[in-house]
Structures are given as structure tokens and as C-alpha cells.
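Here the structure comes first, spelled out in C-alpha cells, and everything after it is commentary.
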Amino acid sequence: MESRPARSHASKASPLELWFPVESVSSLARLRWREAYCLRFIYNCRRPKSRRSGPLVAAELDDASLTIIKSVQQISFPSEISHLQLSQPISNKSPFLLLHPVLLNGIFRVGGRLQNSDLTQDQVHPVILPQSHHLTHLIIIDAHVRNLHSGPQALVAYLHRRFWILNCRDVVRKIIHPDMTDIKVNRLSRWQLCQQLTQHFWQRWKDEFLALQQQRQKWNSQSENLKVGTLVLLKDKRLLPVQWKLARILELHPGKDSLVRAVTIETSEGLYKRPIVKLCPLPMDAS
């Protein structure tokens, strides 16, 4: 008999599926509890000798939250996650390009520009959520209640401590509506208000402004690092480009991400340490 050639088909890993639709749950707390009990059931089936029982503990609820977020992200951002899993850059047309996203423990997070700050891990790398998913709706409602029914600006700042939602301000305004709990009761005197503004200035700057600096407006595509021996022109705003000084790179100074941020150069006047943004590499023929 004539043998037929075997055929193989490449397949992608199926997204993590929940045991129930997220849309069937009306609150974030119930969603976490339901998923936590499902995960406990799976754990007890796999480990009958060390079964878990009794009320849910904080670790189980946290695991349930991560599982829900992973499932929603894999369904909402399949292209970006698959590129990051293969250590490939995301598409230039992706709405998350300016956020420089990363995968941390399987969670799609903002890479951002605040790695060297003293903020918490969730503030430096907020979890990215789809703006139109039911999970995002539940998270916003839960944050609105926890934040004592504050206005949209305060709620957006509160959400940015853990999450990053595209067009977050517009989404928040569509979901929350004024009610009796939103009425402001101002019991403070003018002097007390001035003291309160002084005390909370740094907190508001950190929560509302600093979180908005995650997006990179330039340097979104990687370029080749400079090399020792490369001839460069030293940029000088006081001179015309034809008058810029010629220099040679002697030493590289890479950052924590292994990208060269500064170099030591040699000119006719001596040695200097300069950032690469002030240098103009000259094209060199490899031959």
C-alpha cells in the first residue's frame, strides 16, 4: 500500500476559560466568590487527601481574581499577548503601543516609565483591562462604592492604582450616575479646607498626574545600540550642524534594560560623558 504523508497543524493554546459567563454575575464580590469556589472544587478533586473546606481565605480570592483577569485578557487581547509570549514586539497599530506592555506572571500589564519610582508594583505596572467588558463594568462599580461615591476624576485616580482602562474617564462617566450618595456635604471651614489642600497636594499629584505619565510619546521601536569606536557628531544648539564637533565612542554605559543610555566620547579637547540623544552617529561602511 502507498503510504500517505503525515500532516501536522500548528495550533494556538486555547484561552483560559471560566466555568461560567462573567455577564451572569452582578457584582465583583460575587464573581470572585463564585470563581474561588470553582477553583477550590478543582483543587479538592486533584488532591483528595488535602481537601480545603470552610470559609474562603484571602489567598483563594486573590487567585480567583487573577484567574478571571487572565481569562478576560486572553479573550480581549489575543494578538498582543501572543506576541509578548513569543518575545516579539506588538503591532505598531495596537492601541497599547504607547504603554509598552509586558507580561508579568501571565498578566497583561503596562510596562510604562515609572520603574524607578517608589510607587507600588500595581501602580508601576497596572493591569490592562478592556474598556467594554462586563468585568471592567463590575470593577468600576465596586471602586465607586469603595471610594464613597466620589466624582469621575477621583474615581479614575483610584482605578489607576491597580488598573489601566483605555479611555478610562469616558468609560467611568458612562457607568456611574449621580445619586443621593454623591451629594457633597462640606462641613469644613475655609481655613480647614486650605490645610486639607496643602496636606493632600502630593497625594493627588501622585495618584492623578503621575499615573498618566505611563505612555511613551517616542522611542516606541527598538534600534541598534551604539558600539565602541563609532564616530559621532556632538550636537550643540549654539552651532550649525556643519560646525558640530567630531568625536569617537570609547565606552558604553547601558541601563538596567541593557540599552545604551550614555557613552564616554573622545574629542580633540578631551573625554566627556554624554547621553546618546545628544549624539549623531555617522554612517559607517561595514566593508
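With the first letter of the sequence shown counted as 1, position 159 gets the number 159 in UniProt numbering; the numbers rise by one all the way through.
Just so it is clear, CB atoms sit at the ideal spot from N, CA and C, and this is done for glycine as well.
Could you tell me the alpha carbon to alpha carbon distance between residue 258 and residue 193, rounded to whole angstroms? The alpha-carbon atoms of residue 258 and residue 193 are separated by roughly 48 Å.
- Item | Under 7 Å between C-beta atoms of residue 162 and residue 122 | Yes, the Cβ-Cβ distance between residue 162 and residue 122 is below 7 Å.
Which residues DSSP lists as bridging residue 280, in chain order: 233.
Q.
Less than 7 Å between the beta carbons of residue 109 and residue 125, yes or no?
A. For residue 109 and residue 125, yes; Cβs fall inside 7 Å.
Using a 10 Å radius around the Cβ and a threshold of 16 neighbouring Cβ atoms, would you call residue 143 buried or exposed? Looking at its Cβ environment, which holds 16 or more other Cβ atoms inside 10 Å, residue 143 is buried.
> Would you say residue 21 and residue 76 are within 7 Å of each other, going by their C-beta atoms?
Replying inline: Here residue 21 is not near residue 76, since their CB atoms are 7 Å or more apart.
Residue from 269, 164 and 202 with nearest C-alpha to residue 212:
Among 269, 164 and 202, the Cα nearest to that of residue 212 is on 164.
*Could you please give me the residues that DSSP links to residue 254 through a beta bridge?*
DSSP lists 260 as the beta-bridge partner residues of residue 254.
| said: Tell me the residue span of the beta strand (DSSP E) that contains residue 101. | reply: Residue 101: not part of any beta strand (DSSP E); DSSP gives it neither H nor E.
- Query: Considering only the beta carbon of each residue, do residue 84 and residue 215 sit closer than 7 Å?
  - Reply: No. Outside cutoff.
For residue 156, count neighbouring Cβ atoms within 10 angstroms of its own Cβ and tell me buried if that reaches 16, exposed if not.
Result: buried.
| said: So for residue 271, helix, strand or coil by DSSP? | reply: Judged by DSSP in its simplified three-state form, residue 271 adopts strand.
My guess is that residue 262 and residue 276 are in contact by the Cβ rule of under 8 Å, so how many angstroms apart are they, rounded?
-> Yes, residue 262 and residue 276 are in contact; Cβ-Cβ is about 7 Å, under 8 Å.
Requested in this report: On a CA-only basis, which of 94, 95 and 80 is nearest residue 88? Give me that one, please.
Outcome: 80 is the residue among 94, 95 and 80 whose C-alpha sits nearest the C-alpha of residue 88.
| request: Take the Cβ of residue 23 as the centre, count every other Cβ of all protein chains shown within 10 Å, and call the residue buried at 16 or more, exposed below. | output: With fewer than 16 Cβ atoms within 10 Å of its Cβ, residue 23 is classed as exposed.
| task | Would you check if there are 3 or more beta carbon pairs closer than 8 Å linking the segment 55 to 69 to the segment 27 to 37? | result | Three or more beta-carbon pairs drawn from the segment 55 to 69 and the segment 27 to 37 are found closer than 8 Å, and the two stretches are therefore classed as touching.
- Query: Between residue 280 and residue 242, which are expected to be in contact by the criterion C-beta below 8 Å, what is the C-beta distance as a whole number of angstroms?
  - Reply: Actually they are not in contact, since the Cβ atoms of residue 280 and residue 242 sit about 12 Å apart, beyond 8 Å.
| request: Ignore the nearest five residues each way along the sequence and tell me which others in residue 290's own chain have a CB closer than 7 Å to its CB. | output: The structure shown does not extend to residue 290, since the chain spans only 1 to 287, so no value can be given for it.
Beta-carbon separation (whole angstroms), residue 197 vs residue 228, contact threshold 8 Å
Distance from residue 197 to residue 228 at the Cβ level is roughly 53 Å; contact not present, criterion being Cβ atoms closer than 8 Å.
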